[in-house]
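Below you'll find the structure, written out as structure tokens, and then a few comments.
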Amino acid sequence: MKKTLLFSVGIALMTTACGPADTTETEVPGPAQNHGALYGEVQKVVGDTPCPTGYSIATPNDALANQNTICGKMGTWDIARLSGSGAMKGPGYGCAITSYEAAPLGNTLCKLPGQTNLVEVFGDSPCGAGRTLLTPQEARTRQSEVCAKLDMWDIARLDGGGAMKGSGYGCVITDQETQKLGHALCKSLN
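Count the sequence shown with mature numbering (1 follows the signal peptide of the UniProt record, and there is no 0) and you get residues -20 to -1, 1 to 170, in order.
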């Protein structure tokens, strides 16, 4: 079992209220507005629209790699556009990801190109194919961001034998930690 975590603005959800009439979501017409956090900034925009400047549309593979995390942040009845006319559906639809959705959608999943996916893996073990441990220096550069991704009492392995402790321990980063740890902070190689 692993938790998928992202830092820096990994993916943002561009959304309009598209749920049933009794939903608690409200739509405010006009320019995009700040709405909360899903890997960074979530903005409400009207319709199946292009991503804002600096963002690119997320691929079905991006959505699949982070399916549980993204779906947990989507509205129950949201359906979000992915690249290649794909779509990801909210929890009311079982978090399904499809490669083709012809209908216009009220949401678009967008990401900042070149952002690193950060994955917390359970156990003091290698990260697996396509991933490597986050270095202590990388963790220090984004200390508050990365620490917020850890549970309060987590202690996670970093590259070179280092470790980062969760907020319960004060978000301390060490270059050497000799004890066996319950978590590892990994990043994608791309």
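All C-beta atoms, glycine included, are put in the ideal place defined by N, C-alpha and C.
| Asked | Found |
| --- | --- |
| Closest to SER65 by C-alpha separation, out of THR112, THR49, ILE37 and ARG111, would be which residue? | ILE37 |
| Can you grab the Cα-Cα spacing for the pair VAL137 / ALA143, in whole Å? | For the record, residue 137 in the displayed sequence is Arg; it is not Val. ARG137 and ALA143: Cα-Cα distance of roughly 4 Å. |
| How big is the Cα-Cα spacing for SER147 and LEU44? | 29 Å |
| Could you tell me the distance, in whole angstroms, from the CA atom of THR115 to the CA atom of ALA83? | 44 Å |
| According to DSSP, is LYS69 part of a helix, a strand, or is it coil? | strand |
| Using a 10 Å radius around the Cβ and a threshold of 16 neighbouring Cβ atoms, would you call TYR80 buried or exposed? | exposed |
| Name the one or two DSSP bridge partners that MET144 has. | ALA136 and ILE153 |
| Just to confirm the assignment, what range does the beta strand (DSSP E) spanning LEU44 have? | Per DSSP, LEU44 belongs to no beta strand (DSSP E); it is in the alpha helix (DSSP H), 40 to 45. |
| For ILE135 and ASP155, I'd like the C-alpha separation in whole angstroms. | 13 Å |
| Looking at TYR35 and CYS107, is the spacing between their C-beta atoms short of 8 Å? | no |
| Leaving aside the five residues before and after THR78 along the sequence, list all residues of the same chain whose C-beta is less than 7 Å from its C-beta, in chain order. | GLY66 and ALA67 |
| Please report the distance separating the alpha-carbon of GLY55 from that of GLY162. | 32 Å |
| Would you mind reading off the limits of the beta strand (DSSP E) that contains THR112? | 111 to 113 |
| With distances taken Cα to Cα, identify the nearest neighbour of SER63 among ASP42, ILE50, TYR73 and GLY70. | ASP42 |
| So is THR88 in contact with chain D if we call contact Cβ pairs under 8 Å? | Note that chain D does not occur in the displayed structure, where there is just one protein chain. |
| The alpha helix (DSSP H) that contains residue 247, what's its start and end? | Nothing can be reported for residue 247, as the shown portion of the chain is limited to -20 through 170. |
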